[in-house]
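Participant: Numbering (my numbering), first residue to last: 2 to 314.
Mind looking over this structure? Questions follow.
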């Protein structure tokens, strides 16, 4: 099965229009289908943020950003002044958020102070953190919120970087010109990330200064998208070791690997709620990509988005 996010070329030009709350409904044929991908969880664990991609023409997609209430299923638009939001990461109090947006054709990182905690519809301040000719993606706060890790292509192949929370003192933690991406910081100060150093994607971990690099999965399968449990003791990730991508969890040292999903389709991009109560991920089939959630033990699986577009024209 073709990965729909690759098939659609989802680093294409993005466009965002007006913002208003909407409620999930089954597809009626009046709106085109969309691919809905979770990319964050609010600090209070009450909402999952997601990107909704809609095919406009054969060679053009449009994306808008939403969040879904994990209890009620209510969906609302997220963003302000037409600003594209991608992969938001909130501070523990929910009052600040770092995310990537498109500036002059590039994906750059910005940080915003929120008027209402965990609500990205009103920014009090917005500060650009990165400036460059290449992309910067996928930011994650350090435990004390004084630093931010991210990955970018400023030196060639995607590499893991860290900078101070004001955007200064950017350092390359990878320094190998081999694909390394998707960093997330644990509450214990370690960073998990995807690395292709061994020739295929594996989930690795390193200290916050780039030292102590360890390959946790070390498996011939594609192991990707590691994300920490709130206590820093476990990592959820996706792997195709059983034939297609499913969600797995392991201990922080790579032991105790357990499979959480086993369904038709491709399960990937997992995220763990800050309060530890659930894991969210995207499930792709041949014509759909939707937001799911489950308990950390793999039970209680729920689909949160429907096979339709939530875009407002």
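The C-beta atom is built at its ideal place from N, Cα and C for all residues, glycine as well.
Would you list, in sequence order, the uninterrupted beta strand (DSSP E) runs of no fewer than 3 residues that lie entirely inside the region 112-190?
Facilitator: Listed in chain order, they are 120-129, 137-142, 148-153, 160-165 and 181-186.
Participant: If we count the other Cβ atoms within 10 Å of its Cβ and call it buried at 16 or more, is residue 125 buried or exposed?
Facilitator: Exposed is the call here.
Participant: Go through its chain and collect everything with a Cβ distance to residue 86's Cβ below 7 Å, but skip five positions before and after it.
Facilitator: Closer than 7 Å at the Cβ level, and outside the excluded window around residue 86, lie 66, 79, 80, 100, 102 and 121.
Participant: Would the beta-carbon of residue 161 fall within 9 Å of that of residue 178?
Facilitator: The answer is no: Cβ separation not under 9 Å.
Participant: Locate the beta strand (DSSP E) running through residue 235, then write down its first and last residues.
Facilitator: Counting along the chain, the beta strand (DSSP E) containing residue 235 begins and ends at 235-240.
Participant: Using only alpha-carbon positions, find the residue among 49, 186 and 216 that is nearest to residue 199.
Facilitator: Considering only alpha carbons, the answer is 216.
Participant: Could you work out which residue in 107, 111 and 115 is closest to residue 97 when comparing CA atoms only?
Facilitator: Measuring from the Cα of residue 97, the nearest candidate turns out to be 115.
Participant: If residue 267 and residue 245 are in contact, beta carbons under 8 Å, what's the gap, nearest whole angstrom?
Facilitator: At roughly 6 Å, the Cβ-Cβ gap stays under 8 Å, so residue 267 and residue 245 are in contact.
Participant: Report the rounded CA-to-CA distance for residue 130 versus residue 258, giving the unit in angstroms.
Facilitator: Roughly 37 Å between the two C-alpha positions.
Participant: Can you tell me whether residue 306 is buried or exposed, with buried defined as 16 or more other CB within 10 angstroms of its CB?
Facilitator: So residue 306 counts as buried.
Participant: Measure from the alpha carbon of residue 113 to the alpha carbon of each residue in 135, 140 and 106, then state which is nearest.
Facilitator: The shortest Cα separation from residue 113 among 135, 140 and 106 belongs to 140.
Participant: From residue 181 to residue 137, what distance separates their C-alpha atoms?
Facilitator: Taking the straight line joining both Cα atoms gives about 13 Å.
Participant: Smallest Cα separation from residue 155: which of 169, 133 and 142?
Facilitator: Comparing Cα positions, the closest option is 133.
Participant: Name the one or two DSSP bridge partners that residue 35 has.
Facilitator: The partner list for residue 35 (beta bridge, DSSP) reads 55.
Participant: In angstroms, rounded to a whole number, what distance separates the CA positions of residue 209 and residue 192?
Facilitator: Roughly 6 Å between the two C-alpha positions.
Participant: Measuring only the C-alpha atoms, how far is residue 127 from residue 275?
Facilitator: Going by the C-alpha atoms only, they are around 24 Å apart.
Participant: Hey, out of 108, 68 and 53, whose CA is closest to residue 47's CA?
Facilitator: Ranking 108, 68 and 53 by Cα distance to residue 47 puts 68 first.
Participant: Does the beta-carbon of residue 65, which I'm using as the reference point, lie nearer than 8 Å to any heavy atom of the ligand ADP?
Facilitator: Inclusion of the ligand ADP in the displayed structure is not the case, the ligand content being empty and no account of it being possible.
Participant: Does the beta-carbon of residue 247 have 16 or more other beta-carbons within 10 angstroms, so that it is buried, or is it exposed?
Facilitator: It counts as buried.
Participant: Between 211, 146 and 205, which lies nearest to residue 188 when the distance is taken from Cα to Cα?
Facilitator: Cα-wise, what sits closest to residue 188 is 146.
Participant: Per DSSP, which one or two residues make a beta bridge with residue 252?
Facilitator: The partner list for residue 252 (beta bridge, DSSP) reads 235.
Participant: Helix, strand or coil for residue 22, going by three-state DSSP, please let me know.
Facilitator: Annotation note: pLDDT 31 at residue 22 (below 50); position unreliable, no value reported.
Participant: Can you have a look at residue 71 and say buried or exposed, based on whether 16 or more other CB atoms are within 10 angstroms of its CB?
Facilitator: Buried is the call here.
Participant: In angstroms with no decimal places, state the Cα-to-Cα distance between residue 214 and residue 197.
Facilitator: Each residue's alpha carbon lies about 13 Å from the other.
Participant: Buried or exposed: residue 123, going by 16 or more other Cβ atoms within 10 Å of its Cβ?
Facilitator: Burial call: exposed.
Participant: According to DSSP, simplified to helix, strand and coil, what is residue 195?
Facilitator: In this structure, residue 195 counts as strand in the three-state DSSP scheme.
Participant: By how many angstroms is the C-alpha of residue 205 removed from the C-alpha of residue 263?
Facilitator: Straight-line Cα distance between these residues: approximately 23 Å.
Participant: According to DSSP, simplified to helix, strand and coil, what is residue 305?
Facilitator: The answer is coil: DSSP assigns residue 305 none of H, G, I, E or B.
Participant: Quick one: what's residue 109 bridged to in DSSP?
Facilitator: In the DSSP output, where bridge partners are listed per residue, residue 109 has 102.
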